[in-house]
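Novice:
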Amino acid sequence: MKIGLIGCGNMANSIVYSITKNQKYQIFCYDVDTLKAEKFKKLYGVAVLMSENEVVLSCDIIIIAVKPKDIFNVLSKIKNEVDDKIIVSIAAGISIDKMKDVIGNKKIVRVMPNINISVEEGILGMCFSESILDDEKEKIRELFESMGSVIVVDEKFMDAITALFGSGPAFVAHFIESYIDAAVKLGFSKQESYELVLKLFYGTVVNMKNNMLTTHQIKDMVTSPGGTTIEGLVEFERRALKGAIIDGIVKAYERSKSIL
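Using the working numbering, the first residue of the sequence shown is number 13, and each one after it goes up by one.
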């Protein structure tokens, strides 16, 4: 099967890295920045084409990996060559109907990955236009399952997927950074703080997953009457930390809905 990428940015880099591990795919790419495309060629041995139209004409599945503001320009260029090809968009906030307004009633897939696909631990939300056949859906799922966990949803949930899991790594990194800063404030070196805090977050997740523990169970296991943990938790509640986190995610969701 021939896979084409239009756009060779960071997310496309992670996608190609995963796809090239499977020898069943031939990969072609194009980017307006020829240096980016040539870098892909050197790193992954993919074929570099000269235009967006060449990618569409040469491939069965076309992944458009450009910024949301640029996707309509790309779709306008390729609309006459799409025919029965499958178009995959990873642009946040751009609905299938908006894409159809440009290229017509074609086979369109929306995928919202996150950057953790670079270590094959991503979460990828996915929805399909009604014209895509069941066997084609399976091919698309197989293509992306090498990158992490794929969840197929109704399109109305894609903005939530974007806020929770597309933006999620940045939010989690922000929480981790706060914990690292606290460790530094309490006297640990920056490097020591970084290593220990990553181990704390990782170890807690593994413990929860392997022992099927809920968040409440973890808190109950650590919290003792009048102890240090309850003192910290009460302060978090007093500062409405949980509410601030929820509100931040909701703000990201609302922004996703309002793009273009």
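All C-beta atoms, glycine included, are put in the ideal place defined by N, C-alpha and C.
A quick note: this is a predicted structure, and the numbers were derived from the prediction, not measured.
Quick one: using the 10 Å Cβ neighbour count with 16 as the cut-off for buried, is N92 buried or exposed?
Specialist: As a first step, residue 92 is located in the sequence shown; it is residue number 80 there, counting from the start. Its Cβ having fewer than 16 others within 10 Å, N92 is exposed.
Novice: Please name the residue in I18, I27 and K202 whose C-alpha comes closest to that of I135.
Specialist: As a first step, residue 135 must be located in the sequence shown, where it is residue number 123. Ranking I18, I27 and K202 by Cα distance to I135 puts I27 first.
Novice: Give me, in chain order, the residues of the same chain whose beta-carbon lies closer than 6 Å to that of I115; leave out the 5 immediate sequence neighbours on both sides.
Specialist: Position 103 of the sequence shown, counting from 1, holds the residue named residue 115. L87, K91 and V94.
Novice: Kindly indicate which residue of G16, E167, E142 and A172 has the alpha-carbon position closest to the one of D259.
Specialist: Start at 1 with the first residue of the sequence shown, and residue 259 comes out as number 247. Minimum Cα distance to D259 is reached at A172.
Novice: With H, G and I counted as helix, E and B as strand and the rest as coil, what does DSSP make of G16?
Specialist: Counting from 1 along the sequence shown, the entry for residue 16 is found at position 4. Three-state result, G16: strand.
Novice: Please report the straight-line C-alpha distance between A49 and Y42, rounded to a whole angstrom.
Specialist: Stepping through the sequence shown from its first residue, residue 49 is reached at position 37. Stepping through the sequence shown from its first residue, residue 42 is reached at position 30. Distance between the alpha carbons of A49 and Y42: 6 Å.
Novice: If we call anything under 7 Å between Cβ atoms a contact, is I108 one with V67?
Specialist: As a first step, residue 108 is located in the sequence shown; it is residue number 96 there, counting from the start. As a first step, residue 67 is located in the sequence shown; it is residue number 55 there, counting from the start. No; because the gap between Cβ atoms is not below 7 Å, this pair is not in contact.
Novice: Could you give the distance in angstroms between the alpha-carbon of A182 and the alpha-carbon of P237?
Specialist: One-based indexing of the sequence shown puts residue 182 at position 170. One-based indexing of the sequence shown puts residue 237 at position 225. If I take the Cα positions, the gap works out to 34 Å.
Novice: Mapping DSSP to helix, strand and coil, what is Q203?
Specialist: Numbered from its first residue, the sequence shown carries residue 203 at position 191. Note: Q203 maps to helix in three-state DSSP.
Novice: Kindly identify the DSSP beta-bridge partner or partners of G160.
Specialist: Translated into positions along the sequence shown, residue 160 becomes position 148. G134, per the DSSP bridge assignment.
Novice: Output the boundary residues of the beta strand (DSSP E) element that contains Q38.
Specialist: Counting from 1 along the sequence shown, the entry for residue 38 is found at position 26. Its beta strand (DSSP E) spans residues Q38 to Y42.
Novice: Taking buried to mean at least 16 other C-beta atoms within 10 Å of its own C-beta, is M111 buried or exposed?
Specialist: Position 99 of the sequence shown, counted from the start, is the residue given in the question as residue 111. Counting Cβ neighbours within 10 Å, M111 comes out buried, since at least 16 surround it.
Novice: For the beta strand (DSSP E) holding I120, just list the boundary residues, first then last.
Specialist: Start at 1 with the first residue of the sequence shown, and residue 120 comes out as number 108. From DSSP, the beta strand (DSSP E) with I120 extends over K119 to M124.
Novice: V100 lies in the beta strand (DSSP E); which residues open and close that run?
Specialist: Numbered from its first residue, the sequence shown carries residue 100 at position 88. Its beta strand (DSSP E) spans residues I98 to S101.
Novice: Taking only runs that begin and end inside the segment 39-87, name each unbroken beta strand (DSSP E) of 3 or more residues, in chain order.
Specialist: Fully enclosed beta strand (DSSP E) runs of 3 or longer: 73-76.
Novice: Would you give the residue range spanned by the alpha helix (DSSP H) that P237 belongs to?
Specialist: Position 225 of the sequence shown, counted from the start, is the residue given in the question as residue 237. Element bounds for P237: n/a, residue is neither H nor E.
Novice: With a cut-off of 8 Å, do at least 3 Cβ pairs link the segment 70-86 to the segment 242-256?
Specialist: Cβ pair count under 8 Å is below three, so no.
Novice: What residues in its chain sit with their C-beta under 7 Å from that of Y265, if we drop five residues either side in the sequence?
Specialist: Looking up residue 265 in the sequence shown gives position 253. So the qualifying residues of the chain are D171, A172 and A175.
Novice: Please return the same chain residues whose Cβ sits closer than 7 Å to the Cβ of G178, not counting the five positions on each side in sequence.
Specialist: Along the sequence shown, one-based indexing puts residue 178 at 166. Taken in chain order, the residues that qualify are A104, M124 and N126.
Novice: Just mark K118 as buried or exposed, buried being the case when its beta carbon has 16 or more other beta carbons within 10 Å.
Specialist: In the sequence shown, counting from the first residue as 1, residue 118 sits at position 106. K118 comes out buried.
Novice: Would C71 and F52 qualify as a contact pair, given that the criterion is a beta-carbon distance under 7 Å?
Specialist: If you number the sequence shown from 1, residue 71 lands on position 59. If you number the sequence shown from 1, residue 52 lands on position 40. Not closer than 7 Å, so no.
Novice: When you compare each of T227, S130, E207 and I230 to K33 by their alpha carbons, which one comes out closest?
Specialist: Against the sequence shown, residue 33 aligns to sequence position 21. Ranking the options by Cα distance to K33, first place goes to S130.
Novice: With 16 other CB atoms within 10 Å as the buried threshold, where does G137 fall?
Specialist: Working through the sequence shown from its first residue, we reach residue 137 at position 125. Buried: at least 16 other Cβ atoms inside 10 Å.
Novice: Taking V196 as the reference, which of V44, V209 and N222 has the closest Cα?
Specialist: Here residue 196 refers to the residue found at position 184 of the sequence shown. The shortest C-alpha separation from V196 is found at V209.
Novice: Is S30 near S158, with beta carbons less than 7 Å apart?
Specialist: Position 18 of the sequence shown, counting from 1, holds the residue named residue 30. Position 146 of the sequence shown, counting from 1, holds the residue named residue 158. A contact, by the Cβ cut-off of 7 Å.
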